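Visitor: Have a look at this one.
Laid out in structure tokens, this is it:
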């Protein structure tokens, strides 16, 4: 039996407490798997007294996580504080500088400072593990860092935010509005009091930026992501999607194009018969498409104390199994110094199908005008549905267009043209359609 | 840059040739990721002359893989010969005994001799990696060996044979018979000339036995698996399943029960709205259920030269990233010496729902007799469908029963009773229903 691996946990919220409990309750099995014990020898949190359902009296208490990162008698620093600046950033930096391995669940920190921190880790020859930062309990980081060796990724996309997926799933299942779903999600603890960060797609963007770097060997570029949230999705969209054989999901998508890497987060229509369409509620999923492997889909819990703790403990166990002198793979798949600069593909060049829902005045010639705008921009239509149903007032009707593959620029020009024609009585709705395979034999 | 990792490939069929091509074509990126080059320095196959689309002239040729395992100048021995005895077994044993790492895609070999081979690997301090042996390109072995640390698995199940899933998918989609689907699958290369091993479930059982060991920390017990193939699945079953909201899949299932570990391979009804039901064609999928993480589902290509090669190359890259002196985790999650003996749960104690399809003579009292047999065995029914449709002759009808949770023993007794009552005009069909989550919010 080798020496114990000593870990210090900074942040004892839901995830931190869960990590401490798993390390304690599963100590015997972890020792068997790793060949040595894992001991929590230091902790740091805001309030010392609170009962967290685990005995941490054997660990040295630090009021300041940065002090713990600097001076504690630990091999691994576990950062579960959160936030992309302040003590989270500083403590991770100090831990790495002092030659300690770091495990973190902090996507915001990695999206913003991941390259700098990875640079320190690689220089010091220590590990920076972050499985829990993307898609919670789903082992997508390990899959991308280790299992994809030899594969060239063409596209990676996923449902990366449980709050949004919960809301969209309930909107479809129960026919209730976005606002009512959000209120319910808040009541049940699936959404924050200020839900902006989740529902406007920022959280998905942080996670996507990390996956993009791993997938394409490029520098993290979280600010270069096209962003659209789900707050303007209505029951009319959900019902129309369903009628057309689609379901609406908030996806993060990254793919390689001729002009660069396309990164985007927006509500997306996926075929109802695809596997990703069946990923419901707070569950997350990631699909990876490559030249050698083909398509891989991973789905599971994307949040929650235990699921996140599972990923953190897996990261710690990986370190426990390694031995001094062992040099693991690079933090973001390639050494930081060899990551390629990120070149952003223009959103206007995005190619794909589009769903366009228009509320128009019920006048002669409106439909012809819409069709003309589409033709002028060389957009061919897969389907056209026109109806005046109970949701419209007597002098309005709804026109729903589904396009064949076209470009973002063409669609924007067409919709601008239709708007300027003056027939619209409501804001036009445009939702991108994502090709999702796995529906075929 | 460290020294190159030297690998020898034994077996240059579809997978072996694909591995050689990936290692050659992706050499620069693999070197970047692993920190050192991976070189194919030795090869062994049956016919030396054949063009395999890759230049192997720099590698030393061996007619005998065992000789290569013993004497070649290699760090890693890649076994892609196949078969659970003969040169595959002997060459792996010799490679490990000589202190070389081994990567294999051979599930039959591991199912039969995995424990003995892992024992040698652990004694010699070398790695025995086998990602490609289960579910092809899906990284389920890495997930189970590494990402599940700290988790206690309650159930693992999956679609592990692409041939069977292809046949069942086409039977449902096109309404054609098992025999016609099989013939088509053979023509398209998705099924062997002798398909017994696939369609009777043996291949699934080999893979399941490996997953069971990883999931429950028990010795591999491939001979202790309840086995039922798909050859007796008819269109009547598929249609009835569909009407009831189910799809039929050949699953391998392992779960922990009070009396031991239940391992079974059989056609299974899963809810149409579950993710696993959407896994179509030759695609494989594995679902893992644990106490900490919850439910995880991985799906992707389960066979094919490239997908399998992807897993093999991932295994090689893991070795390339490690350095001399590094001690990785045990072959089957725990050290072989600490794997618990396998205790088989009795199949008669299996608990679950059942689909029972009976073809009976159209006489008064038949239905009452069936209901009585169910009641006598304390089986409560979720649904009963009785119809005389075009597929029955005039004096016959079909009765379809779906039970609530009951036991295998009760169902067998009830069906035996119904059979002895003399009303059946055809063999009764019994298909187990598997609870598959992920349909809920």
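Protein chains in written order, with UniProt numbering: chain A, 1 to 441; chain B, 1 to 441. All residues carry an ideal CB built from backbone N, CA and C; glycine is no exception. Only a predicted model underlies this, so the values are computations on that prediction, with no experimental measurement involved.
1. Restricting to runs no shorter than 3 residues, where is the beta strand (DSSP E) found entirely within the stretch 291-362 of chain B?
2. Taking 7 Å as the limit between beta carbons, can you name the residues of its chain near residue 89 (chain A), skipping five residues before and five after?
3. Hey, out of A:367, A:411, A:204, A:339, whose CA is closest to residue 133 (chain A)'s CA?
4. Which residues in chain A sit within 7 Å of residue 296 (chain B), going by Cβ to Cβ distance?
5. May I ask you to report which of helix, strand or coil DSSP gives residue 269 (chain B)?
6. Which of the three DSSP states is assigned to residue 202 (chain B) in this structure?
7. Please list the partners that residue 271 (chain B) has in chain A, where partner means a Cβ-to-Cβ separation under 8 Å.
8. Assuming residue 147 (chain A) contacts residue 293 (chain B) (C-beta within less than 8 Å), just tell me the rounded distance between them.
9. Where does residue 393 (chain A) sit, in a helix, a strand or coil, going by DSSP?
10. Rounded to a whole number of angstroms, what is the C-alpha to C-alpha distance between residue 471 (chain A) and residue 249 (chain A)?
11. Kindly indicate which residue of A:54, A:73, A:44, A:83 has the alpha-carbon position closest to the one of residue 65 (chain A).
12. Could you tell me whether the Cβ of residue 123 (chain B) comes closer than 9 Å to any Cβ of chain A?
13. Give me the residue from A:280, A:268, A:393, A:345 with the minimum Cα distance to residue 356 (chain A).
14. Please tell me whether residue 235 (chain B) has its Cβ less than 9 Å away from any Cβ of chain A.
15. Taking its Cβ as the centre, do 16 or more other Cβ atoms sit within 10 Å of residue 427 (chain A), making it buried, or is it exposed?
16. Run through chain B and tell me which residues come within less than 8 Å of residue 338 (chain A), C-beta to C-beta.
17. With H, G and I counted as helix, E and B as strand and the rest as coil, what does DSSP make of residue 279 (chain A)?
18. From which residue to which residue does the beta strand (DSSP E) around residue 404 (chain B) run?
19. Would the stretch 32-48 of chain A and the stretch 301-321 of chain A be scored as touching if the rule is three or more Cβ pairs under 8 Å?
20. If we define contact as Cβ-Cβ less than 9 Å, is residue 18 (chain B) a contact residue for chain A?
21. How would you label residue 278 (chain A), buried or exposed, when you count the other beta carbons within 10 angstroms and need 16 or more for buried?
22. Note down, in chain order, all residues in the stretch 138-168 of chain B with a beta-carbon under 8 Å from any beta-carbon belonging to chain A.
23. Just the Cα atoms here: how many angstroms apart are residue 411 (chain B) and residue 142 (chain B)?
24. Just curious, the beta strand (DSSP E) that residue 423 (chain A) is in, first and last residue?
25. By the 10 Å Cβ neighbour count, where 16 or more other Cβ atoms means buried, how is residue 341 (chain A) classified, buried or exposed?
26. With distance defined between alpha-carbon atoms, name the residue in B:72, B:257, B:51 nearest to residue 59 (chain B).
27. Alpha carbon to alpha carbon, how far is residue 284 (chain B) from residue 159 (chain B)? Give it in angstroms, no decimals.
28. Enumerate in chain order the residues of its own chain whose CB-to-CB distance from residue 106 (chain A) is below 7 Å, with the five nearest sequence positions on each side excluded.
29. Are the C-beta of residue 8 (chain B) and some C-beta of chain A separated by less than 9 Å?
30. Please say whether residue 119 (chain A) and residue 337 (chain A) have beta carbons closer to each other than 9 Å?
31. DSSP puts residue 432 (chain A) in a beta bridge; with which residues?
32. Buried or exposed for residue 211 (chain B), going by 16 or more other Cβ atoms inside 10 Å?
33. Should residue 334 (chain B) be flagged as near chain A, meaning a C-beta pair shorter than 9 Å?
34. What residues from chain B crowd round residue 310 (chain A), counting only those whose CB sits closer than 7 Å?
35. Tell me where the beta strand (DSSP E) around residue 251 (chain A) begins and ends.
36. Is the beta carbon of residue 316 (chain B) sitting closer than 9 Å to the one on residue 370 (chain B)?
Guide: Checking against the coordinates, here is how it stands:
1. Listed in chain order, they are 295-301, 351-361.
2. Closer than 7 Å at Cβ, skipping near neighbours: 109, 113.
3. Answer by Cα proximity: A:204.
4. 137, 138, 300, listed in chain order.
5. DSSP places residue 269 (chain B) in strand when its eight states are reduced to three.
6. Helix, per DSSP.
7. When 8 Å is used as the limit between beta carbons, residue 271 (chain B) is near no residue of chain A, the shortest such separation being about 10 Å.
8. Under the criterion of beta carbons closer than 8 Å, residue 147 (chain A) and residue 293 (chain B) do not qualify as touching, at roughly 18 Å.
9. Coil, per DSSP.
10. Here chain A has residues from 1 to 441 only, and residue 471 (chain A) is not among them.
11. Of A:54, A:73, A:44, A:83, the residue nearest in Cα terms is A:44.
12. Interface with chain A (9 Å Cβ-Cβ cutoff): residue 123 (chain B) is excluded.
13. Of the candidates A:280, A:268, A:393, A:345, the one whose C-alpha sits nearest the C-alpha of residue 356 (chain A) is A:268.
14. Residue-level contact by beta carbon fails for residue 235 (chain B) and chain A, as no gap is shorter than 9 Å.
15. Burial check for residue 427 (chain A): the Cβ neighbour count within 10 Å stays below 16, so the residue is exposed.
16. Listed along the chain, the chain B residues whose CB falls inside 8 Å of the CB of residue 338 (chain A) are 32.
17. In the structure shown, residue 279 (chain A) sits in coil (DSSP, three-state: anything other than H, G, I, E or B).
18. Where residue 404 (chain B) is concerned, there is no enclosing beta strand (DSSP E), because DSSP gives it neither an H nor an E.
19. At 8 Å Cβ cutoff, the stretches touch.
20. Using beta-carbon distances, residue 18 (chain B) counts as an interface residue toward chain A, with a partner under 9 Å.
21. By the C-beta density criterion, residue 278 (chain A) is buried, having at least 16 other C-beta atoms within 10 angstroms.
22. Cβ contacts with chain A come from 138, 139, 142, 143, 146, 147, 148, 149, 150, 151, 152, 166.
23. Going from the Cα of residue 411 (chain B) to the Cα of residue 142 (chain B) covers about 38 Å.
24. For residue 423 (chain A), no beta strand (DSSP E) encloses it, and the DSSP letter there is neither H nor E.
25. Result: exposed.
26. Nearest C-alpha to residue 59 (chain B): B:72.
27. Answer to the nearest angstrom: the Cα atoms are 5 Å apart.
28. So the qualifying residues of the chain are 79, 82, 88, 133.
29. Closer than 9 Å: no.
30. Taking 9 Å as the Cβ cut-off, residue 337 (chain A) and residue 119 (chain A) qualify as a contacting pair.
31. Answer by DSSP bridge pairing, in chain order: A:268, A:354.
32. Under this definition residue 211 (chain B) is a buried residue.
33. Interface residue, yes.
34. Under the 7 Å cutoff, chain B gives 150, 151, 292, 293.
35. Residue 251 (chain A): member of the beta strand (DSSP E) spanning 246-257, first to last residue.
36. No.
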